[in-house]
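In our numbering, the protein residues as written are 17 to 130. Here a beta-carbon is modelled for each residue, glycine too, at the ideal position from N, C-alpha and C. Quick caveat: nothing in here was measured; it's all calculated off a predicted structure.
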Amino acid sequence: QAHLVESGGGLVQPGGSLRLACTTSEGVFDVSLVSWYRQAPGQQRELVAHISDAGTKTYAPSARGRFTISRDNAKTTVWLQMDNLKPEDTAVYYCRTVKAAIIWGQGTQVTVSA
17 QAHLVESGGG LVQPGGSLRL ACTTSEGVFD VSLVSWYRQA PGQQRELVAH ISDAGTKTYA
77 PSARGRFTIS RDNAKTTVWL QMDNLKPEDT AVYYCRTVKA AIIWGQGTQV TVSA
């Protein structure tokens with residue numbers, strides 16, 4: 017089974033930016049959809065954005081206009097560019113794909129605080 021690895025999290029001030037990256041142990045994303053989810057303390061995991069194999073992008077209302085999901089042409093990396101970050105964006109961010117089974121990465125912590 018493939019493994020997903022997220023990177024790029026950290027501590028940032030409100031209004032700042034972070035760029036998260038997701039890669040797969042298979043080298044290339046050979047799936048129909050790659051998604052970013054997040055889970056804040058005490059909250060359910062929620063969808064942030066996803067990108068289809070055809071490149072169609074979908075965003076949660078909380079992410080629209082501030083976050084951008086993208087992918088390299090070789091389909092080796094999926095990024096989540098997060099701008100104008102707010103304290104309520106603080107969460108563990110997870111990459112997710114589905115290939116015979118749901119596959120989650122280990123997550124990367126994003127903390128937005130002054």
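Exercise for review: Give the single residue among 36, 127 and 93 whose Cα lies nearest to the Cα of residue 44.
Suggested key: Indexing the sequence shown from 1 puts residue 44 at position 28. If we check each option's Cα against that of residue 44, 93 comes out closest.
Review point. If residue 18 and residue 42 are in contact, beta carbons under 8 Å, what's the gap, nearest whole angstrom?
Key: Translated into the one-based positions of the sequence shown, residue 18 becomes position 2. Translated into the one-based positions of the sequence shown, residue 42 becomes position 26. About 5 Å separates the two Cβ atoms, so the contact holds.
Check your understanding: For residue 104, does the three-state DSSP call read helix, strand or coil?
Key -> For the purposes of this step, residue 104 is taken as the residue at position 88 of the sequence shown. Correct three-state label for residue 104: helix.
Check your understanding: Which residues in the same chain as residue 82 place their Cβ atom closer than 6 Å to its Cβ, once the five residues preceding and following it in sequence are excluded?
Key -> Residue numbering aside, residue 82 sits at position 66 when the sequence shown is read from its first letter. The beta carbon of residue 82 is closer than 6 Å to those of 99 and 100 in its chain, skipping five residues each way along the sequence.
Review point. Just the Cα atoms here: how many angstroms apart are residue 3 and residue 128?
Key: With the chain running from 17 to 130 in the structure shown, residue 3 is simply not present.
Check your understanding: If you run the structure through DSSP and keep just helix, strand and coil, what is residue 62?
Key -> Locating residue 62 in the sequence shown gives position 46, counting from the first residue. Here residue 62 sits in strand by DSSP.
Check your understanding: What are the partner residues of residue 86, as DSSP defines its beta bridges?
Key -> Locating residue 86 in the sequence shown gives position 70, where the first residue counts as 1. BP columns for residue 86 point to 95.
Review point. Residue 55 by DSSP, collapsed to three states: which one?
Key: Position 39 of the sequence shown, counted from the start, is the residue given in the question as residue 55. When secondary structure is reduced to three states using DSSP, residue 55 falls in the strand class.
Check your understanding: Would you call the CB atoms of residue 20 and residue 40 closer than 9 Å?
Key -> Taking the sequence shown and counting its residues from 1, the one referred to as residue 20 is at position 4. Taking the sequence shown and counting its residues from 1, the one referred to as residue 40 is at position 24. Cβ atoms of residue 20 and residue 40: closer than 9 Å.
Review point. Taking 8 Å as the cut-off, is the CB of residue 35 close to at least one heavy atom of the ligand NAD?
Key: Ligands are entirely absent from the displayed structure, and the ligand NAD is therefore not among its contents.
Check your understanding: Whose C-beta lies closer than 7 Å to the C-beta of residue 121 among residues of the same chain, with five residues either side of it excluded?
Key -> Within the sequence shown, the letter at position 105 stands for residue 121. Same-chain partners within the cutoff: 20, 21, 22, 38, 110 and 111.
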